[in-house]
């Protein structure tokens, strides 16, 4: 792809947008960087540096395409598809790409890409560990960490790139072709952006639509939606399953994570040796093991990586145990299905903190799990009335409304008794109260530690 002399409009001037701008400018592109936010809200010093380098900033308003005449538009994941310049670009036939579409065109190393509704970050991080432990130089990028484009020129053909990719990033891909693609699971999410579950699934399946016969697609055999996608695969398909012993693939057999090929079973490690909690993490471990396997990592090395993996921040992360109460940070539980999996991970009484900004999800399955597993429910944020309505429908009444996140943590701490768990797993996005789920999780941990100090 030729960048020299081409005109690029970047919509979204946060981390990935700025990284794209630097890359394009360095390689001779004419760059226009746009954001509805104003300069002071985006980091004035960094923007000034970009501006001095020759990038034109268009801030606080939508850009006029007829004034810019872009050859390409690069859009950040948080930008809605429905804004006027993107609708106009679609009519005019101007290519609209995500950062991963652009970066993948310049990455010389094989790509292992992970998507799904839940488990992406854990699985992506674990795959990165599997490759690193086996002696490979690995770059873990995408929806976590730094944007791929910021390091793409440092990557050699001998390295491996592991990417977490979201439906927003995949929706604006064209030629994106990972060597190994994983789809972990699919449940309704981000319907506020994709409108329908069908639209959401169509975005997700773009992870493998450009693959060829020597590429791999790894799918969850226990998930109806992912299983159906095998019929559209152009490359090789490998399944993983927590619930069934497969004829061929990665599964749980007699309490062991194993790979089965016809009659031969190779055991990796026992389920008890995994240090990450929850049945859903068995699935994540199986998927990660499958990715390492198809890329040639030895079974013994994969087993070591699984055995020594401690999990990732904000995903069923133990914060502390104080006066017999254990506090768990699952701020990444940003949809009902993720929160359900968190509730299923524990067999002790739970005081649950939930709520935030709804993404158009159906809260009824979540409400049923709350009735089954939750001793007391503390609700906060915009979606609190919606969740309350759902739990009342199933006959659950142990509901506590609070007006702030600080109050939510204090209330949950007051309600929890020795031997119980205070779990933050909101089932919602964080944007009504926080910049992102990371900030929400960090604040939760700080509040928990502060409460423990005050009680001392």
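Numbering (my numbering), first residue to last: 7 to 462. The beta carbon of each residue, even a glycine, is placed where N, CA and C say it ideally should be.
Quick one: using the 10 Å Cβ neighbour count with 16 as the cut-off for buried, is residue i buried or exposed?
{"i": "residue 172", "result": "buried"}
{"i": "residue 55", "result": "exposed"}
{"i": "residue 286", "result": "buried"}
{"i": "residue 235", "result": "buried"}
{"i": "residue 101", "result": "exposed"}
{"i": "residue 420", "result": "exposed"}
{"i": "residue 229", "result": "buried"}
{"i": "residue 46", "result": "exposed"}
{"i": "residue 326", "result": "exposed"}
{"i": "residue 76", "result": "buried"}
{"i": "residue 268", "result": "exposed"}
{"i": "residue 220", "result": "exposed"}
{"i": "residue 454", "result": "buried"}
{"i": "residue 86", "result": "exposed"}
{"i": "residue 91", "result": "buried"}
{"i": "residue 143", "result": "exposed"}
{"i": "residue 10", "result": "exposed"}
{"i": "residue 399", "result": "exposed"}
{"i": "residue 96", "result": "exposed"}
Can the beta-carbon of residue i be found closer than 9 Å to that of residue j?
{"i": "residue 108", "j": "residue 155", "result": "yes"}
{"i": "residue 63", "j": "residue 42", "result": "no"}
{"i": "residue 362", "j": "residue 436", "result": "yes"}
{"i": "residue 274", "j": "residue 293", "result": "no"}
{"i": "residue 318", "j": "residue 131", "result": "yes"}
{"i": "residue 343", "j": "residue 226", "result": "no"}
{"i": "residue 354", "j": "residue 427", "result": "yes"}
{"i": "residue 93", "j": "residue 59", "result": "no"}
{"i": "residue 25", "j": "residue 152", "result": "yes"}
{"i": "residue 336", "j": "residue 429", "result": "yes"}
{"i": "residue 258", "j": "residue 277", "result": "yes"}
{"i": "residue 397", "j": "residue 433", "result": "no"}
{"i": "residue 111", "j": "residue 181", "result": "yes"}
{"i": "residue 186", "j": "residue 223", "result": "yes"}
{"i": "residue 168", "j": "residue 204", "result": "no"}
{"i": "residue 377", "j": "residue 401", "result": "yes"}
{"i": "residue 174", "j": "residue 84", "result": "yes"}
{"i": "residue 103", "j": "residue 80", "result": "yes"}
{"i": "residue 341", "j": "residue 184", "result": "no"}
{"i": "residue 461", "j": "residue 329", "result": "yes"}
{"i": "residue 322", "j": "residue 348", "result": "yes"}
{"i": "residue 380", "j": "residue 406", "result": "no"}
{"i": "residue 290", "j": "residue 128", "result": "yes"}
Could you tell me the boundaries of the beta strand (DSSP E) in which residue i lies?
{"i": "residue 324", "result": "323-328"}
{"i": "residue 407", "result": "405-407"}
{"i": "residue 118", "result": "117-121"}
{"i": "residue 267", "result": "262-267"}
{"i": "residue 170", "result": "166-170"}
{"i": "residue 173", "result": "Looking at the DSSP string, residue 173 is not in any beta strand (DSSP E); the run it does join, the alpha helix (DSSP H), is 173-177."}
{"i": "residue 247", "result": "242-247"}
{"i": "residue 158", "result": "Here residue 158 belongs to no beta strand (DSSP E), and DSSP marks it neither H nor E."}
{"i": "residue 189", "result": "186-189"}
{"i": "residue 349", "result": "Run containing residue 349: none in the beta strand (DSSP E); it sits in the alpha helix (DSSP H), 342-350."}
{"i": "residue 80", "result": "78-81"}
{"i": "residue 226", "result": "222-226"}
{"i": "residue 85", "result": "Unbroken run through residue 85: none, as it is neither H nor E."}
Hey, would you say the C-beta of residue i is under 8 Å away from at least one heavy atom of the ligand MN?
{"i": "residue 322", "result": "Annotation note on the ligand MN: not contained in the displayed structure, which lists no ligands."}
Could you tell me the boundaries of the alpha helix (DSSP H) in which residue i lies?
{"i": "residue 139", "result": "126-139"}
{"i": "residue 463", "result": "Here the chain covers residues 7 to 462 and nothing more, so residue 463 does not appear."}
{"i": "residue 23", "result": "21-32"}
{"i": "residue 232", "result": "230-234"}
{"i": "residue 72", "result": "71-74"}
{"i": "residue 454", "result": "443-461"}
{"i": "residue 473", "result": "Here the chain comprises residues numbered 7 to 462, so residue 473 is not present and cannot be evaluated."}
{"i": "residue 93", "result": "90-98"}
Look up residue i in the DSSP assignment and say whether it is helix, strand or coil.
{"i": "residue 45", "result": "helix"}
{"i": "residue 104", "result": "coil"}
{"i": "residue 254", "result": "strand"}
{"i": "residue 316", "result": "coil"}
{"i": "residue 287", "result": "helix"}
{"i": "residue 2", "result": "What is shown of the chain runs 7 to 462, which leaves residue 2 out entirely."}
{"i": "residue 400", "result": "coil"}
{"i": "residue 205", "result": "helix"}
{"i": "residue 464", "result": "Residue 464 is absent from the model: the chain starts at 7 and stops at 462."}
{"i": "residue 279", "result": "helix"}
{"i": "residue 364", "result": "coil"}
{"i": "residue 411", "result": "helix"}
{"i": "residue 259", "result": "strand"}
{"i": "residue 148", "result": "strand"}
{"i": "residue 192", "result": "coil"}
Looking at C-beta atoms only, is the number of pairs between the region 403-415 and the region 379-387 that lie closer than 8 Å three or more? Yes, the region 403-415 touches the region 379-387.
Would you say the region 294-307 touches the region 241-255, given that touching needs at least three Cβ pairs under 8 Å? Under the Cβ criterion (8 Å, minimum of three pairs), the region 294-307 counts as touching the region 241-255.
Kindly confirm or deny that the region 13-31 and the region 62-80 touch, where touching means at least three C-beta pairs closer than 8 Å. Contact annotation: the region 13-31 touches the region 62-80, with at least three C-beta pairs closer than 8 Å.
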